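Each residue of the sequence shown is one higher than the last, beginning at -10 in the working numbering.
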Amino acid sequence: MRHRPDGTVWVRTFPLTLLHDHTLPTHTHDWDQLTYATSGVLRVATADASWVVPPHRAVWVPAGIAHSEQMFAPVSVRTLYFAPRIAKTLPRECRTLNISSLLRELILHVSRLGALDRRTPSHARLIGVLLDQMTAVSDVPLQLPLPRDARALRVASLLQAQPGSTATVAMLARKAGASRRTIERLFTQETGMAVAEWRRRLRLLHAVRLLAEGEPVTTVAMEIGYSSVSAFIAVFKKAFGSTPKHFRLKRSDFRT
């Protein structure tokens, strides 16, 4: 890997607004990538995990990591690319990040500029502030690790296809050609989560997408398999720190 970026442009931008769903197949970048969702939802997936990115959050994808991107329209995103070795203090793994009000405005401002050239004093200062702000933000629990074993991955795929399914682990295990005990063991070993916990996380991430699309809380609760709306609200608040209704009201229609 190069120790210095080529040229004087250290940050590039790519603003995008889509009215139809769009998928970018698996690819890599030479530059680190920060994609901020101003509205709509996107999902980033690697061989190891997937990340849901609702409005006002961002996903960090370091250079060289193979990933796909799925955008659920209407969606508007602002992507910043950082030259190699510039973001030294940021992790070398994918992360979903909370975005502060200041960082949001910085991202939008830089997107309007188009690029940051280190030879321009004002640009150089912006680069430093951007990196400082990105280092300070917190992760959010919007990651879903994936098992590697083919049988466990088959169970994960079945659950992803129908997040609200009421099928038991034993039923899913049989479809995958394994015993319930084997599937439970594989999930714990390879994802760090029991199947029930993994399933709960999957449902909550699906709920995030539906809420961001404007679906009523009751509809979302029913679709992801909760018979009690109050139980769904309690689980959602514990995971994300706000009620589903509050989350839904915060979604943005911003398009600049």
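From the three backbone atoms N, C-alpha and C, an ideal C-beta is built for every residue, glycine too. Note that this is a predicted model, so its numbers are computed, not measured.
(request) To the nearest angstrom, report how far apart S90 and M160 are at their CA atoms. (result) Locating residue 90 in the sequence shown gives position 101, counting from the first residue. Locating residue 160 in the sequence shown gives position 171, counting from the first residue. Looking at the two C-alpha atoms, the distance is approximately 46 Å.
(message) Can you find the residues in the same chain that come closer than 7 Å, C-beta to C-beta, to G(-4), ignoring five residues on each side of it along the sequence?
(response) Mapped onto the sequence shown, residue -4 falls at position 7. Closer than 7 Å at the Cβ level, and outside the excluded window around G(-4), lies no residue.
(message) Among the candidates G214, L135, D128 and T177, whose CA atom is the shortest distance from the CA of S154?
(response) As a position in the sequence shown, residue 154 is number 165, starting the count at 1. Selected option, being the one with the closest Cα: G214.
(request) Could you name the residues of the same chain whose beta carbon sits closer than 7 Å to that of F176, not counting the 5 residues immediately before and after it, in chain order? (result) Along the sequence shown, read from residue 1 onward, the residue named residue 176 stands at position 187. Taken in chain order, the residues that qualify are P136, A141, M182, A183, V184 and W187.
(request) Decide yes or no for the touch test of the segment 52 to 65 against the segment -4 to 13: beta carbon pairs closer than 8 Å, at least 3 of them. (result) yes
(request) Using three-state DSSP, classify V224 as helix, strand or coil. (result) To locate residue 224, count along the sequence shown from 1; it is residue 235. V224 falls in the helix class under three-state DSSP.
(message) Less than 6 Å between C-beta atoms, sequence neighbours within five positions excluded: which residues of the same chain meet that for T78?
(response) Translated into positions along the sequence shown, residue 78 becomes position 89. Around T78: T124.
(request) Please say whether T68 and Q122 have beta carbons closer to each other than 8 Å? (result) In the sequence shown, counting from the first residue as 1, residue 122 sits at position 133. In the sequence shown, counting from the first residue as 1, residue 68 sits at position 79. Their beta carbons are not under 8 Å apart, which means Q122 does not touch T68 by this criterion.
(request) Give the single residue among I116, A167 and L200 whose Cα lies nearest to the Cα of V(-2). (result) Position 9 of the sequence shown holds residue -2. Among I116, A167 and L200, the Cα nearest to that of V(-2) belongs to I116.
(message) Let me check one thing: in DSSP terms, what residues is V247 bridge-paired to?
(response) Since the displayed the chain opens at -10 and closes at 245, residue 247 lies outside it and no answer follows.
(message) Can you find the residues in the same chain that come closer than 6 Å, C-beta to C-beta, to V50, ignoring five residues on each side of it along the sequence?
(response) Position 61 of the sequence shown, counted from the start, is the residue given in the question as residue 50. Q22, H56 and C83, listed in sequence order.
(request) Work out the CA separation of A38 and D128 for me, nearest whole Å. (result) The residue given as residue 128 occupies position 139 in the sequence shown. The residue given as residue 38 occupies position 49 in the sequence shown. Cα-Cα distance, rounded: 15 Å.
(request) Evaluate H16 with the Cβ neighbour count: other Cβ atoms within 10 Å of its Cβ, from every protein chain shown; 16 or more gives buried, anything less gives exposed. (result) If you number the sequence shown from 1, residue 16 lands on position 27. It is exposed - the Cβ of H16 has fewer than 16 other Cβ atoms within 10 Å.
(request) Please list the segments of the beta strand (DSSP E) lying wholly inside the segment 126 to 157, counting only runs of 3 or more residues, in order along the chain. (result) The qualifying runs are 132 to 134.
(request) Would you tell me roughly how many angstroms separate the C-alpha atoms of A220 and F3, rounded to the nearest one? (result) What you label residue 220 is simply residue 231 of the sequence shown in a count that begins at 1. What you label residue 3 is simply residue 14 of the sequence shown in a count that begins at 1. In a straight line, the C-alpha of A220 is about 40 Å away from that of F3.
(request) Classify H98 as helix, strand or coil using the three-state DSSP reduction. (result) As a working note, residue 98 is residue 109 in the sequence shown. Helix, per DSSP.
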